[in-house]
Amino acid sequence: MGLFQPGQGEVVRADLTSPMRTLTFPVLELILVTGLSWMLIGWLDQPGMGTDPQLRNAVVLIWAALAFWRFALPLLKARRRRFVVTDRRIVVRAGAWRARTDSIPFQDIRSVKRRRSGITLAIKGYDRPLYFPDVPRAKKVTQMIESSLPPVSLNYW
């Protein structure tokens with residue numbers, strides 16, 4: 356989130372990215388793909404097999420492509436996801452490559468709730484609340500946001 360610059364006098368209270376537990380299955384898939392691919396390469400390289408070296412190189416290329424697709428891409432997407440809480444607003448960016456950075460001022464937030472490891476924000480002008488999954492320390496962040504919300508005025512006049 357290199358484009359995010361806090362405003363003058365704005366204090367960053369929490370700067371979070373996806374927790375490492377989101378990479379559990381990609382790591383397990385990488386171990387499985389690596390083990391199976393290199394067992395096949397070892398079988399192709401055994402003495403007396405006489406296989407074409409291009410076949411071995413093709414298997415290595417397939418392994419590299421699978422490792423990139425099933426591990427490196429999820430890793431990059433998880434590390435790009437950001438959730439920043441300042442003293443004035445919340446700044447959020449999804450993990451997609453060309454994801455837009457959204458800024459939500461505290462004045463526009465009606466309520467905040469924690470649901471499992473995510474945070475739900477009810478925003479003025481939206482019919483449905485916004486849900487942000489896999490926010491680290493969701494309970495602390497929810498309390499931080501609640502304490503930063505402006506008091507609700509009951510003046511209807």
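Quick note, in the working numbering, the sequence shown goes up one by one and the last residue is 512. Every residue gets a Cβ at the ideal spot worked out from N, C-alpha and C, and that includes glycine. Remember, predicted model here, so these are calculated numbers, not experimental data.
field: Sequence-distant residues of the same chain with beta carbon closer than 6 Å to Met356, five excluded per side
entry: Locating residue 356 in the sequence shown gives position 1, where the first residue counts as 1. Caution applies to Met356, whose pLDDT of 43 falls short of 50 and renders its modelled position unreliable; the value that the coordinates give is listed next. Arg437, Arg448, listed in sequence order.
- prompt: Which ranges would you report for the alpha helix (DSSP H) in the segment 359-411 if only whole runs of at least 4 residues count?
  reply: 379-399
- prompt: From the DSSP output, which residues share a beta bridge with Lys468?
  reply: Reading the sequence shown from its first residue, position 113 is the one you call residue 468. Beta-bridge pairing links Lys468 to Thr475.
query: Along the chain, where does the beta strand (DSSP E) that runs through Arg443 open and close?
result: Sequence index remark: in the sequence shown, residue 443 carries index 88 (1-based). Premise fails: Arg443 is in no beta strand (DSSP E) and is neither H nor E.
- request: Report the partner residues of Tyr486 according to the DSSP bridge assignment.
  value: In the sequence shown, the residue the question calls residue 486 occupies position 131. Tyr486 pairs with Thr475.
message: If you follow the beta strand (DSSP E) that Pro460 is in, where does it begin and where does it stop?
response: Here residue 460 corresponds to residue number 105 of the sequence shown, with the count starting at 1. Residues 456-460.
query: Would you call Arg444 buried or exposed, if buried means 16 or more other Cβ atoms sit within 10 Å of its Cβ?
result: By 1-based counting over the sequence shown, the position of residue 444 is 89. Flag for Arg444 reads buried.
query: Once you ignore the five residues that flank Glu365 on each side, which residues in its own chain have a CB closer than 7 Å to its CB?
result: Locating residue 365 in the sequence shown gives position 10, where the first residue counts as 1. Thr441, Asp442, Arg443, listed in sequence order.
message: I'd like the span of the alpha helix (DSSP H) that includes Ala493, first residue to last.
response: Translated into positions along the sequence shown, residue 493 becomes position 138. Note, Ala493: alpha helix (DSSP H), 493-503.
- prompt: Measuring CA to CA, which of Leu387, Tyr481, Ser373, Leu391 is closest to Leu431?
  reply: As a first step, residue 431 is located in the sequence shown; it is residue number 76 there, counting from the start. Looking at the Cα atoms, Ser373 is the closest of the given residues.
- prompt: Helix or strand or just coil, what does DSSP make of Met356?
  reply: Working through the sequence shown from its first residue, we reach residue 356 at position 1. A caution first: Met356 carries a pLDDT of 43, below 50, which makes its placement in the model too unreliable to give a value.
- prompt: Out of Leu399, Thr389, Arg434, which has the shortest C-alpha to C-alpha gap to Trp452?
  reply: As a first step, residue 452 must be located in the sequence shown, where it is residue number 97. Out of Leu399, Thr389, Arg434, Arg434 has the C-alpha closest to the C-alpha of Trp452.
query: What did DSSP end up calling Arg425 once you bin it into helix, strand or coil?
result: Numbered from 1 along the sequence shown, position 70 holds the residue referred to as residue 425. Correct three-state label for Arg425: helix.
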